[in-house]
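Encoded as C-alpha cells, the structure appears first; notes follow it.
Chains as they are written, first to last, in my numbering: chain A, 1 to 306; chain B, 307 to 663.
Now the structure itself:
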C-alpha cells in the first residue's frame, strides 16, 4: 500500500470534473420537481444532450456553441414530455420512462456518424497568475469554464427559489397546484417552463460527458448518470446547496476509490466500489433529518377543471 | 360455391407457400451486452453478424438486441427470440451463462452458442478466444515501452478471462523489464465510458505511462491521448481512430469465420455441442498493426512472439511460474492446462493486490 502516490491536489481537481455532469442534471431536475413535476427522463435528456452537443461542437468547431446546442436539444426532448403530461395529462412516471428509452434510441441514431470522431477541446480557464498559486491554483482556478458554470448555476437556482417572486410562484405551483390556480397563476405555463429548464440542464450535463470528461461519443455513454442525478435530488431533499454537496461527494468518493484501488489499499475492492453510493446516501439522509419533505403536488396530474 | 372453393384453395396455397419460404430461412439471433456502436466488444460481434448475412444472403435472417443487462433481463430476451422462431442464438457475454442454460432447457430444438462461458448442454455450445495470447504481446510491448515502470491496467469484471489477461500481460512485461509494476483498477462494468475515463486518468496521475484495458470503450485511449506521453492498446476491436495517437497495437476479436461455420452447421443439420477455444493460430485473435511509435526492434520482437504463439511453439503460460503467494504453480518448462486457465482465480507472483471475489 502506497498512499503517497495519491496526489490530493489532483484528486480535488478531478473530483470537480467528475461531479459536474450529475450536478447540472440534478439542478435541472430539482427545479422541475419543485414545480410539482416528476420527470424520470433525465437519462434520456442527458444522452440526447450529449450527442447534440457533440455533433454541433464537431460541426462548428466551437464547444461553446456545442453546449448551447446540447441545452436546446435537451429542452426540445423535454418538450415532448411537457406535451404528454401537461396537455395530454398522461401519467408522469410512464412518460418519463418512455422519454429515457426514446432518448437512448434517438441519440444512437443521431450519433451513428460520430463514433470515433474527436471533439474540439474545451478551453480551460487558465488565469495566468491565479492558476500558478501552489495548492489553490490547480484546485480552484484551472478548470474548464463549465465547472464554474455549474457552481454559478447552483447559486442562481438557490437564490431564485428562495428570494424571488418567480421562485415563490414556482414553489406554490409545486406545493398545491389547485390553490395556485385559484390565485390566478398559470400552473401549466410555469410547469412547462420548468420542464424546459430541466431538459436544458440535463442536456448540458450530458454534453459535459461527451465534450469534456470522456471526451468522445459512444452509444449509451451516460451509463446511468441520469438516474444518479434523480436520486440525488430526493436525497438532497429538494435543496440546491445539498445537491451541490451530494454531487461533489459522489464525484469525490468515485475518484477517491479509484485512487485507493490503484494505490493498492488493503480494502476489498467491492466495498470501495459501492462506497460512492453508500457514503452519499448516508450523508444526505443524515442531513435531511430536519423536516424537509417532497413538494406537495409532486407527480400529480393537474387540470383546471378539477 | 365454386368461388368460395376457389378462394379457400388460393388461401391454402398461399399459406403453404409462405410456410415453405419461412422454413428455408435460418433465423439467427444475437444478444449483445453493449451497444453495437461501442467500438469494441459488441462492435466486433455485430461485424460477425453482418458477415453471416453477407455469406448466406437470403438464406438467413438475423435479429439482435443490444445493451441487454446480464441476468434476468437477458433470459427474457432469449426466450422472446426462441419464441419468434430463432434456430440459433448467440449470447455474447459471460454473464449470460446461466440464463442461456435455463432458456436452452425450455427450447431443446433451438441451438445456443454462449461466448466465454464454461457451462454446456446438448443444445448449448461455448466458444471463446484465447485473448491471453494477445495479452502476452501487449505485455511485451508495455514492458519495453514504459519509462516510469508503472503499467496501469483497467479491469472490468473479475472473472477468469480477465485475470488470465492480467497474468499473461504481467508475465511478459516482467520478462523484458524486471522493475515493472502493475497498478490494477476494477470498474466492475464492461462498458461505462465515463468510469473508464476516470480510471485511466487516475492511473496516469499515479504515474502509469502505459494503459492496458479490458473494458469495451475507447474512453481510456482518449484519456491517454489527452495526457500526451501515454500509450494504450485497442481492446476487442482495432480502435484505429487512435492510430495517430496513443494506440500502438490492439487485440482484435475475429468472430466472423466461427459464426459462419456454426450457422452452416445448423443449416446442414450437423450442429453439435462442442467447446471451442481458439487463439492467434486459427485466426480468432488478431493483433492489430503495431504503429511506428514502437521502436523497430521492439516491434520485431513482438511480431516474433506472436508468430511463436501462433505456430504453437511457445505457450504464454510456460513455467517456471509461481502463484502470488509464492507457492509453485508450474515447473520449469511445464505448460498450463486448459482447465486451470479456464478457472484461473489467482494472480501470478509479483502482482500486488487481491482479486475481488
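Note that the Cβ used here is the ideal one computed from N, Cα and C, for glycine as well. Remember, predicted model here, so these are calculated numbers, not experimental data.
Where residue i and residue j are concerned, what is the direct C-alpha to C-alpha distance, given to the nearest angstrom?
i, j, result
"residue 33 of chain A", "residue 501 of chain B", "28 Å"
"residue 337 of chain B", "residue 66 of chain A", "34 Å"
"residue 328 of chain B", "residue 573 of chain B", "Low per-residue confidence applies at residue 328 of chain B: pLDDT is 49, beneath 50, and the placement is therefore not dependable, though the value from the model is reported in the following sentence. Near 13 Å, if we compare the C-alpha coordinates of residue 573 of chain B and residue 328 of chain B."
"residue 393 of chain B", "residue 577 of chain B", "11 Å"
"residue 374 of chain B", "residue 403 of chain B", "13 Å"
"residue 219 of chain A", "residue 380 of chain B", "19 Å"
"residue 295 of chain A", "residue 31 of chain A", "11 Å"
"residue 565 of chain B", "residue 347 of chain B", "15 Å"
"residue 212 of chain A", "residue 122 of chain A", "7 Å"
"residue 194 of chain A", "residue 651 of chain B", "52 Å"
"residue 637 of chain B", "residue 663 of chain B", "27 Å"
"residue 629 of chain B", "residue 661 of chain B", "13 Å"
"residue 153 of chain A", "residue 159 of chain A", "10 Å"
"residue 167 of chain A", "residue 35 of chain A", "9 Å"
"residue 41 of chain A", "residue 80 of chain A", "11 Å"
"residue 441 of chain B", "residue 60 of chain A", "40 Å"
"residue 251 of chain A", "residue 216 of chain A", "20 Å"
"residue 416 of chain B", "residue 432 of chain B", "15 Å"
"residue 287 of chain A", "residue 496 of chain B", "34 Å"
"residue 235 of chain A", "residue 243 of chain A", "8 Å"
"residue 15 of chain A", "residue 22 of chain A", "12 Å"
"residue 567 of chain B", "residue 655 of chain B", "40 Å"
Measure the beta-carbon distance from residue i to residue j and round it to whole angstroms, keeping in mind my assumption that it falls under 8 Å.
i, j, result
"residue 344 of chain B", "residue 462 of chain B", "Wrong, their Cβ atoms sit about 13 Å apart, outside the cutoff."
"residue 491 of chain B", "residue 18 of chain A", "Not confirmed; about 14 Å, so no contact."
"residue 174 of chain A", "residue 46 of chain A", "That belief does not hold up - the Cβ atoms of residue 174 of chain A and residue 46 of chain A are roughly 22 Å apart, past 8 Å."
"residue 594 of chain B", "residue 558 of chain B", "5 Å"
"residue 587 of chain B", "residue 514 of chain B", "About 31 Å; that fails the 8 Å criterion."
"residue 421 of chain B", "residue 410 of chain B", "The pair is not a contact, with the Cβ atoms about 14 Å apart (cut-off 8 Å)."
"residue 591 of chain B", "residue 435 of chain B", "5 Å"
"residue 510 of chain B", "residue 489 of chain B", "The Cβ separation is near 10 Å, so there is no contact."
"residue 185 of chain A", "residue 169 of chain A", "6 Å"
"residue 164 of chain A", "residue 107 of chain A", "Not confirmed; about 34 Å, so no contact."
Could you have a look at residue i and say whether DSSP puts it in helix, strand or coil?
i, result
"residue 492 of chain B", "strand"
"residue 638 of chain B", "coil"
"residue 519 of chain B", "strand"
"residue 328 of chain B", "Any reading at residue 328 of chain B must be qualified, since the residue scores a pLDDT of 49, below 50, and its modelled position is unreliable; the value itself is stated next. Helix, per DSSP."
"residue 54 of chain A", "helix"
"residue 217 of chain A", "coil"
"residue 593 of chain B", "strand"
"residue 627 of chain B", "strand"
"residue 435 of chain B", "strand"
"residue 487 of chain B", "strand"
"residue 144 of chain A", "strand"
"residue 412 of chain B", "helix"
"residue 182 of chain A", "helix"
"residue 8 of chain A", "helix"
"residue 164 of chain A", "coil"
"residue 352 of chain B", "helix"
"residue 620 of chain B", "coil"
"residue 111 of chain A", "helix"
"residue 382 of chain B", "helix"
With DSSP as the reference, identify every bridge partner of residue i, one or two as the case may be.
i, result
"residue 335 of chain B", "B/369 and B/395"
"residue 418 of chain B", "B/395 and B/430"
"residue 425 of chain B", "Residue 425 of chain B is not bridged to any residue."
"residue 654 of chain B", "B/629"
"residue 124 of chain A", "A/144"
In the DSSP assignment, find the unbroken alpha helix (DSSP H) run with residue i in it and report its ends.
i, result
"residue 537 of chain B", "Not the alpha helix (DSSP H): residue 537 of chain B falls in the beta strand (DSSP E), residues 537 to 540."
"residue 564 of chain B", "562 to 574"
"residue 476 of chain B", "466 to 482"
"residue 259 of chain A", "240 to 262"
"residue 376 of chain B", "Taken as a continuous stretch (DSSP letters only), residue 376 of chain B belongs to no alpha helix (DSSP H), as it is neither H nor E."
"residue 91 of chain A", "Unbroken run through residue 91 of chain A: none, as it is neither H nor E."
"residue 612 of chain B", "602 to 617"
"residue 577 of chain B", "No alpha helix (DSSP H) holds residue 577 of chain B; DSSP gives it neither H nor E."
"residue 526 of chain B", "525 to 533"
"residue 510 of chain B", "499 to 511"
"residue 644 of chain B", "644 to 648"
Between which two residues does the beta strand (DSSP E) carrying residue i extend?
i, result
"residue 553 of chain B", "553 to 559"
"residue 461 of chain B", "456 to 461"
"residue 222 of chain A", "Careful: residue 222 of chain A lies outside any beta strand (DSSP E) and carries neither H nor E."
"residue 583 of chain B", "582 to 584"
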